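2 protein chains.
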Amino acid sequence: MADRAETQEAIKVQGEVVRKLKAEKASKDQIDVEVAKLLELKLRLGGDDVKHQFVLKTPKGTRDYNPKQMAIREKVFNTIVGCFKRHGAETIDTPVFELKETLTGKYGEDSKLIYDLKDQGGELLSLRYDLTVPFARYLAMNKISNIKRYHIAKVYRRDNPAMTRGRYREFYQCDFDIAGHYDPMIPDAECLRIVSEILGELDLGDFHIKVNDRRILDGMFAVCGVPDDKFRTICSTVDKLDKMCWEDVKNEMVKEKGLSEEAADMIGQYVSMQGGMDLAVRLLEDPKMSQSKQACAGLGDMKQLFSYLELFQVTDKVVFDLSLARGLDYYTGVIYEAMLGPAGATTPPPPPPPQAGAPKAEESLSVGSVAGGGRYDGLVGMFDPKGRAVPCVGVSIGVERIFSILEQKAEAEKVRTTEVQVLVASAQKNLLEERLRLVTELWNAGIKAESMFKKNPKLLSQLQHCEESGIPLVAILGEQELKNGMVKLRTVATREEVDVSRADLIEEIRKRTSTV
Amino acid sequence: MADRAETQEAIKVQGEVVRKLKAEKASKDQIDVEVAKLLELKLRLGGDDVKHQFVLKTPKGTRDYNPKQMAIREKVFNTIVGCFKRHGAETIDTPVFELKETLTGKYGEDSKLIYDLKDQGGELLSLRYDLTVPFARYLAMNKISNIKRYHIAKVYRRDNPAMTRGRYREFYQCDFDIAGHYDPMIPDAECLRIVSEILGELDLGDFHIKVNDRRILDGMFAVCGVPDDKFRTICSTVDKLDKMCWEDVKNEMVKEKGLSEEAADMIGQYVSMQGGMDLAVRLLEDPKMSQSKQACAGLGDMKQLFSYLELFQVTDKVVFDLSLARGLDYYTGVIYEAMLGPAGATTPPPPPPPQAGAPKAEESLSVGSVAGGGRYDGLVGMFDPKGRAVPCVGVSIGVERIFSILEQKAEAEKVRTTEVQVLVASAQKNLLEERLRLVTELWNAGIKAESMFKKNPKLLSQLQHCEESGIPLVAILGEQELKNGMVKLRTVATREEVDVSRADLIEEIRKRTSTV
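If you read the sequences in order, they're chains A and B. Counting from 1, position 282 in the first sequence corresponds to residue 281 in numbering that gives the first Met the number 0; the numbering is continuous, with no gaps. Counting from 1, position 221 in the second sequence corresponds to residue 220 in numbering that gives the first Met the number 0; the numbering is continuous, with no gaps.
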């Protein structure tokens with residue numbers, strides 16, 4: 000540890016750094032970092048004067064969940080897990096961090112958003128960016144060639160947070176994936192059915208799911224004259240259509256990425272198309288698209304997909320949309336994304352705009368993506384020592400946005416955050432021991448019960464506690480009751496009180512709380 | 000990005016580094032780090048030849064949970080959460096990382112085990128080391144002065160892993176804490192009751208809970224002649240009595256920490272004492288101990304604690320043990336730790352050993368700590384801008400060790416990892432559409448059902464799938480059944496088959512699976 004005088008000198012220097020940054024109106028982040036360093040130095044000196052200068056916050060882009068938010072979260076997870084289990088999924092878990100190299104080369108341009116751990120000796124580690132890459136690593140490592148699994152856990156992205164809209168740096172993903180060699184489009188269709196079931200059950204209002212296929216996108220790029228080596232980068236520009244208008248997207252393609260204006264305009268025509276099975280049929284006959292083998296393979300599968308979606312009764316929720324790109328590198332086939340809000344003009348598809356503009360861009364701004372996924376047949380092979388492929392398709396439910404919506408809805412409501420059935424209370428002083436004896440009896444019987452931690456709480460404050468936390472029953476002890484072997488059982492909502500013999504109490508509480 | 004030739008040169012150099020380390024028989028950790036760097040360089044070159052050279056593993060000290068392990072984990076969590084809820088707890092969640100300064104100065108000598116994140120611009124962050132410090136930060140930040148909450152989440156320690164014994168670098172903690180100004184020892188006693196309920200319900204065999212008090216330890220150090228400024232460091236040496244024998248502990252005190260041999264021997268006498276309320280009474284009359292105000296306060300509370308434990312019916316599980324120290328800096332009062340195995344000679348306390356030796360040391364080696372906790376009245380005040388204190392007491396269940404035990408027990412058993420009630424199967428070819436139609440009907444009715452993802456699976460392989468994953472029922476479709484509006488419902492266990500009309504199928508499945 001540094002010597003005291005040295006630390007004091009360092010504090011002086013660091014104080015100057017902070018003052019200078021503030022004077023220069025540097026970014027808050029930059030100032031925060033330097034202030035943190037300053038506080039750490041001060042802490043080394045110890046003493047009470049510095050102890051209270053902590054910055055009292057959670058890290059940028061993260062939040063705590065309070066008990067009310069947790070109650071909502073538990074309900075949402077129960078719905079989602081219920082659906083995953085209804086579809087026969089098992090569950091696994093993986094560590095929050097992976098070897099850095101496990102994540103390297105999987106996320107394309109998004110890789111810069113990965114959180115790395117400090118090199119403290121030992122392996123180089125990064126926080127997981129999604130649950131898909133760890134899943135693929137798990138399959139390869141354990142030589143698993145087929146599984147239907149779900150995984151609910153937090154993932155980490157050093158992105159620009161927008162917390163009011165449910166965009167965090169630490170956020171939950173709820174993933175369902177099907178791995179294995181199967182006949183085309185059957186598992187893919189089940190994933191879409193699952194998204195539809197979950198969003199329906201969560202009662203979030205109208206929603207729709209856009210689908211597309213990486214092969215259709217690649218075929219489209221090919222027939223529009225995009226050079227092979229620009230497919231991925233142009234694809235990630237198309238992906239921005241949900242945040243940017245067509246003009247800006249086109250600009251990026253032409254000016255930043257060097258695409259010809261003609262190719263960009265041709266892309267613009269295609270990405271404005273939306274429909275269902277009919278659109279797949281139409282594009283299979285499109286003079287340009289039909290030139291691409293890849294596009295035809297994708298379009299054929301899209302037709303098949305819609306026929307299964309029909310059987311799964313979800314075609315009213317699904318739109319084939321050529322502007323859907325999804326940023327992640329690992330997708331190889333079908334991709335999809337679910338949005339809240341009406342499906343827009345799904346059938347018939349909207350007339351192509353007079354110019355190559357995509358009017359959907361603005362619409363998408365107002366509705367949020369709440370689920371997404373697709374097929375990634377190559378990812379497991381990247382991990383397998385012999386390159387063996389395990390085809391996979393999956394979906395990720397973006398629950399943070401769903402939490403935000405439900406939290407806003409519940410703002411005015413009273414949500415119970417405990418499940419206590421009965422409070423053991425006393426009407427007089429000096430009954431602590433009797434209360435503890437009774438509450439123990441109730442716990443022994445598996446009843447959810449509590450008693451206040453004061454020796455002599457006032458009856459009124461005990462009753463108020465029940466009102467506040469929604470406890471339905473109070474078992475009240477008094478000298479008289481104890482003498483007679485009775486307990487006064489009070490129903491909080493009605494204020495009705497009955498005398499119950501100690502021997503019948505448990506039975507009586509069970510009877511009353513099974514209907515409360 | 001570096002240019003190709005440059006990268007190739009770097010790979011050559013790095014290859015040399017690795018070869019040299021291997022030749023020198025450097026530590027595995029050191030080699031791993033350099034190999035990781037080498038692989039990262041190779042990845043920059045791209046190409047299939049390097050893609051498959053990934054080290055296929057989870058980070059050191061961590062593990063994946065497979066579906067069977069998850070099924071066990073879910074059961075354990077349900078038991079624990081059930082108990083926490085029975086005692087009226089709410090739940091919260093906090094981010095996996097905190098500002099580094101939030102953790103600084105809370106863990107004493109253990110601070111070196113904290114995982115830091117890399118400085119990628121922005122705040123300096125660390126992974127949480129426990130759930131207690133984030134809880135205190137949460138209370139201060141939200142100005143909460145009383146709450147009973149549980150929190151189940153993973154924490155991170157760069158410790159030496161011993162994975163077969165359930166010691167990981169990433170591991171779950173299940174914490175229950177009571178914050179608030181209450182009458183002494185009532186919440187403390189409830190925490191011990193909770194540990195006892197949980198360990199009993201998990202059916203892990205015999206267990207016992209050691210209790211002590213930081214004030215008793217400090218008083219003991221004072222009367223034994225330990226200088227004030229050595230209390231904490233001597234305390235953390237005493238804490239090693241569960242891993243080291245008394246002679247080694249004494250050696251560390253005297254030779255490393257400069258304590259007088261006389262003081263060490265006196266400590267040795269005390270730390271060999273075990274008992275119940277009787278021991279507290281005896282020590283209150285001890286000529287030396289009674290000289291310390293602190294010790295007397297602790298011993299008085301210990302007496303009180305045992306009187307509440309009597310009412311909570313758990314005295315048979317709790318031992319007052321003066322050797323229990325617990326390493327963490329933030330404890331201020333009662334501390335406790337639960338171990339599997341019999342309570343040993345609890346009452347009467349063992350006769351003091353002829354020499355100041357602690358025979359318990361070896362015994363402790365064979366049993367594992369599965370829960371621990373204590374009172375920390377000063378921690379919230381360290382975060383509060385005005386230093387307001389919120390007294391807290393809590394317990395943390397160390398579930399990883401419990402998982403290991405239950406996983407070993409379940410090794411030979413078949414554990415179901417899905418909840419599917421019925422498989423929709425077909426007896427002939429070309430019935431995929433009919434199967435999908437029927438499985439959709441079942442999902443619509445909330446029944447857990449699946450159908451195989453092949454167009455024409457063999458009946459035998461469909462039945463085998465049921466046997467393997469424990470699915471109790473099969474709904475078999477055939478041309479004949481479809482014509483007659485019937486389904487053949489087969490009970491997998493008995494191989495009995497009945498024809499059920501399509502209209503009655505759902506009712507019939509519900510009836511049969513409610514008892515299966």
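Glycine residues also receive a C-beta, built at the ideal position from the N, C-alpha and C atoms. Note that this is a predicted model, so its numbers are computed, not measured.
Using CA coordinates, which residue listed in A:L124, A:C244, A:G372 is at the minimum distance from D328 (chain A)? Indexing the first sequence from 1 puts residue 328 (chain A) at position 329. Closest in C-alpha terms to D328 (chain A), from the list A:L124, A:C244, A:G372, comes A:G372.
Can you give me, in chain order, the residues of the region 448-470 of chain B that have a beta carbon less than 7 Å from any beta carbon in chain A? Along the region 448-470 of chain B, the positions whose C-beta sits under 7 Å from a C-beta of chain A are E449, F452, K453, K454, read in chain order.
For the alpha helix (DSSP H) holding D217 (chain A), just list the boundary residues, first then last. As a working note, residue 217 (chain A) is residue 218 in the first sequence. First-last of the alpha helix (DSSP H) with D217 (chain A): 213-222.
What are the residues of the region 412-446 of chain A that lie near chain B, defined by any Cβ-Cβ distance shorter than 8 Å? Hits within the stretch, in order: T416, T417, E418, V419, L431, E432, L435, R436, T439, W442, N443, G445, I446.
What did DSSP end up calling A355 (chain B) once you bin it into helix, strand or coil? Counting from one through the second sequence, the residue named residue 355 (chain B) turns up at place 356. Any reading at A355 (chain B) is ruled out, since the residue's pLDDT is 41, under 50, leaving its predicted position unreliable.
Run through the DSSP bridge pairs and tell me what G373 (chain B) is partnered with. On the second sequence, residue 373 (chain B) is found 374 positions in, with the first residue counted as 1. Beta-bridge pairing links G373 (chain B) to B:I334, B:G393.
Take every Cβ of the region 294-303 of chain B, pair it with every Cβ of the region 261-274 of chain B, and state whether three or more of those distances are shorter than 8 Å. Between the region 294-303 of chain B and the region 261-274 of chain B, the count of C-beta pairs closer than 8 Å stays below three; the two stretches do not touch.
Sheet register partners of R166 (chain A) (DSSP bridge): Within the first sequence, numbered from 1, the residue matching residue 166 (chain A) stands at position 167. Note: R166 (chain A) sits in a beta bridge opposite A:A161.
Contact between the region 94-110 of chain B and the region 54-61 of chain A is defined here as three or more beta-carbon pairs at a separation below 8 Å; is this criterion met? Short answer: they touch.
Measuring straight from C-alpha to C-alpha, what distance separates D118 (chain A) and K117 (chain B)? Taking the first residue of the first sequence as 1, we reach residue 118 (chain A) at position 119. Taking the first residue of the second sequence as 1, we reach residue 117 (chain B) at position 118. In a straight line, the C-alpha of D118 (chain A) is about 7 Å away from that of K117 (chain B).
Interface residues of chain B facing K142 (chain A) [CB-CB closer than 9 Å]: The count along the first sequence starts at 1 and reaches residue 142 (chain A) at position 143. The premise fails here: K142 (chain A) is roughly 10 Å from chain B at the closest Cβ pair, so nothing lies under 9 Å.
Whole-angstrom Cβ separation of G121 (chain A) and E399 (chain A), contact assumed at under 8 Å? Taking the first sequence and counting its residues from 1, one reaches residue 121 (chain A) at position 122. Taking the first sequence and counting its residues from 1, one reaches residue 399 (chain A) at position 400. That pair is no contact at about 32 Å.
Cβ closer than 7 Å: which chain A residues qualify as neighbours of L38 (chain B)? Working through the second sequence from its first residue, we reach residue 38 (chain B) at position 39. Within chain A, E100 have C-beta atoms less than 7 Å from the C-beta of L38 (chain B), given in sequence order.
Report the residues of the region 198-223 of chain B with a CB closer than 9 Å to any CB of chain A, ordered along the chain. From the region 198-223 of chain B, no residue has a Cβ closer than 9 Å to chain A.
So the alpha helix (DSSP H) T101 (chain A) belongs to, where does it begin and stop? Position 102 of the first sequence, counting from 1, holds the residue named residue 101 (chain A). That run of the alpha helix (DSSP H) goes 99-102.
With a threshold of 7 Å between beta carbons, is K24 (chain B) in contact with chain A? Taking the first residue of the second sequence as position 1, residue 24 (chain B) is located at position 25. So, not an interface residue.
Would you mind telling me which residues of chain B sit closer than 7 Å to I396 (chain A), beta carbon to beta carbon, in chain order? Walking along the first sequence from the start, residue 396 (chain A) turns up at place 397. None at all; the shortest Cβ gap to chain B is about 17 Å.
Nearest candidate by alpha-carbon position, reference N443 (chain B), set A:Q29, A:H86, A:F206, A:E73: Taking the first residue of the second sequence as position 1, residue 443 (chain B) is located at position 444. The alpha carbon of N443 (chain B) has as its nearest neighbour, out of A:Q29, A:H86, A:F206, A:E73, the alpha carbon of A:H86.
Could you check what DSSP says for D174 (chain A) in three-state terms: helix, strand or coil? Within the first sequence, the letter at position 175 stands for residue 174 (chain A). In the structure shown, D174 (chain A) adopts extended strand secondary structure according to DSSP, grouped into three states.
Where are the beta strand (DSSP E) runs, 3 residues long or more, that stay fully inside the region 429-490 of chain A, in chain order? Whole beta strand (DSSP E) segments, 3+ residues: 472-476, 485-490.
Determine whether the Cβ of R281 (chain A) lies closer than 7 Å to any Cβ atom of chain B. In the first sequence, the residue the question calls residue 281 (chain A) occupies position 282. It does not; no Cβ of chain B falls within 7 Å.
Does the count of Cβ pairs from the region 387-399 of chain A and the region 128-143 of chain A closer than 8 Å reach three? Because the criterion of three Cβ pairs below 8 Å is met, the region 387-399 of chain A and the region 128-143 of chain A touch.
Pick out whichever of A:K239, A:Q273, A:F382 has its Cα sitting closest to the Cα of K142 (chain A). Within the first sequence, the letter at position 143 stands for residue 142 (chain A). With distances taken between Cα atoms, K142 (chain A) lies closest to A:F382.
With V194 (chain B) as the anchor, note down where its alpha helix (DSSP H) starts and where it stops. Position 195 of the second sequence holds residue 194 (chain B). Note, V194 (chain B): alpha helix (DSSP H), 185-200.
Identify each residue in the region 82-101 of chain A for which the Cβ-Cβ distance to at least one residue of chain B is less than 8 Å, and report them in chain order. Taking 8 Å as the Cβ-Cβ cut-off against chain B, the residues of the region 82-101 of chain A that qualify are K84, R85, H86, G87, A88, E89, T90, I91, D92, T93, P94, V95, F96, E97, L98, K99, E100, T101.
Give the DSSP-derived three-state secondary structure of S291 (chain B) in the structure shown. What you label residue 291 (chain B) is simply residue 292 of the second sequence in a count that begins at 1. For S291 (chain B), the secondary structure class from DSSP, reduced to helix, strand or coil, is coil.
Does any residue of chain A bring its CB to less than 7 Å from the CB of D115 (chain B)? The count along the second sequence starts at 1 and reaches residue 115 (chain B) at position 116. Taking a beta-carbon distance threshold of 7 Å, D115 (chain B) counts as an interface residue toward chain A.
Rounded to whole angstroms, what's the CA-CA distance from D174 (chain B) to R434 (chain A)? Just pull it up for me. Reading the second sequence from its first residue, position 175 is the one you call residue 174 (chain B). Reading the first sequence from its first residue, position 435 is the one you call residue 434 (chain A). Roughly 25 Å separates the two Cα atoms.
What does the alpha-carbon distance come out to for the pair D498 (chain A) and T416 (chain A)? For the purposes of this step, residue 498 (chain A) is identified with residue 499 of the first sequence, where counting begins at 1. For the purposes of this step, residue 416 (chain A) is identified with residue 417 of the first sequence, where counting begins at 1. Just so you know, the alpha carbons of D498 (chain A) and T416 (chain A) end up roughly 29 Å apart.
Straight-line CA distance for A88 (chain B) to K447 (chain A)? As a first step, residue 88 (chain B) is located in the second sequence; it is residue number 89 there, counting from the start. As a first step, residue 447 (chain A) is located in the first sequence; it is residue number 448 there, counting from the start. One Cα belongs to A88 (chain B), the other to K447 (chain A), and the distance between them is close to 10 Å.
Contact list for R157 (chain B) against chain A, beta-carbon separation under 8 Å: Within the second sequence, numbered from 1, the residue matching residue 157 (chain B) stands at position 158. Neighbours of R157 (chain B) in chain A, taken as residues at a C-beta separation under 8 Å, are given in chain order as Q119, G121.
Close-in-space but distant-in-sequence residues of the same chain around A139 (chain B) (CB under 7 Å, 5 per side omitted): Translated into positions along the second sequence, residue 139 (chain B) becomes position 140. Closer than 7 Å at Cβ, skipping near neighbours: V379, F382, D383.
Ordered along the chain, which non-local residues of its own chain (more than five positions away) have a Cβ less than 8 Å from that of L283 (chain B)? Here the question's residue 283 (chain B) lines up with position 284 in the second sequence. Around L283 (chain B): S289, C295, L298, G299, K302.
Chain A contacts made by the region 481-498 of chain B, where a contact means CB separation under 7 Å: Taken residue by residue, none of the region 481-498 of chain B has a beta-carbon sitting less than 7 Å from a beta-carbon on chain A.
Under 7 Å between C-beta atoms, does E169 (chain A) make it to chain B? Here residue 169 (chain A) corresponds to residue number 170 of the first sequence, with the count starting at 1. Yes, because at least one Cβ of chain B sits closer than 7 Å to the Cβ of E169 (chain A).
CB of G397 (chain B) within 7 Å of CB of A370 (chain B), strictly: Numbered from 1 along the second sequence, position 398 holds the residue referred to as residue 397 (chain B). Numbered from 1 along the second sequence, position 371 holds the residue referred to as residue 370 (chain B). Judged by their CB atoms, G397 (chain B) and A370 (chain B) are nearer to each other than the 7 Å cut-off.
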